Amino acid sequence: MTVMTAAAIEEFLDEVFPQRAGTIEGVGEGRATMSLAIEDEHLRPGASVSGPTLMGLADVCLYVAILAQIGPEPMAVTSDLHCRFLRRPRGDRDLIANARLLKLGRRLAVGEVQLFSDGEEAPVALVTATYALPDAD
């Protein structure tokens, strides 16, 4: 069950994680979608979006999907993240991230994020990650 809206999550993140990148486009049952307007600072030589930019957006997007399910929790933290770069991410297109929770337990959340260059059908990267969740007491 979704317990936070996209607007509520944005407000929470403005307070506890203002340095994050990206805009929440929507949240749903075990899902989140975010976008990132690509600027020069996100590019590596060859006008491709950099790996750290891809991984950063994926990490935040999965955090948003988790927050939508568990509520405002600043201490849910990434404990593992794997990124598979599939194709060149275009530097002239926004980046889109679609996160999906695979497991939400008491102590761990596991999910995957597909990243796309806006307007492209094939993903540019696939990220799988695990978040450690704090004790509920």
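Reading the sequence shown from the start, the letters are residues 1 to 137 in the UniProt record's numbering. Note that beta-carbon positions come from the ideal geometry of N, C-alpha and C, so glycine has one too. Since we're looking at a predicted model, the values are computed, not measured.
Alpha carbon of residue i to alpha carbon of residue j, nearest angstrom
i: residue 33; j: residue 8; result: 15 Å
i: residue 47; j: residue 92; result: 8 Å
i: residue 107; j: residue 136; result: 9 Å
i: residue 10; j: residue 119; result: 25 Å
i: residue 5; j: residue 12; result: 11 Å
i: residue 2; j: residue 121; result: 27 Å
i: residue 140; j: residue 15; result: Residue coverage of the chain in this structure runs from 1 to 137, which leaves residue 140 outside it and unanswerable.
i: residue 37; j: residue 95; result: 7 Å
i: residue 61; j: residue 45; result: 25 Å
i: residue 105; j: residue 112; result: 15 Å
Close Cβ partners of residue i (< 7 Å) along its chain, the five nearest in sequence each way excluded
i: residue 79; result: 130, 131 and 132
i: residue 25; result: 33, 34 and 35
i: residue 42; result: 49, 50 and 53
Residue i classed as buried or exposed, judged by whether at least 16 other C-beta atoms fall within 10 angstroms
i: residue 59; result: buried
i: residue 123; result: buried
Cβ-Cβ separation, residue j to residue i (assumed contact under 8 Å), whole Å
i: residue 101; j: residue 30; result: 4 Å
i: residue 68; j: residue 110; result: Contact doesn't hold; Cβ gap of about 15 Å is too wide.
i: residue 134; j: residue 76; result: 7 Å
Cβ shell of residue i (< 8 Å), same chain only, five flanking positions each side left out
i: residue 83; result: 51, 54, 55, 58, 125, 126 and 127
Chain C within 8 Å of residue i, Cβ atoms only
i: residue 44; result: No chain C appears in the structure shown, which is made up of a single protein chain.
Close Cβ partners of residue i (< 6 Å) along its chain, the five nearest in sequence each way excluded
i: residue 72; result: 12
Worksheet item: Can at least three beta-carbon pairs, one atom from the stretch 80 to 89 and one from the stretch 9 to 21, be found at a separation below 8 Å?
Response: no
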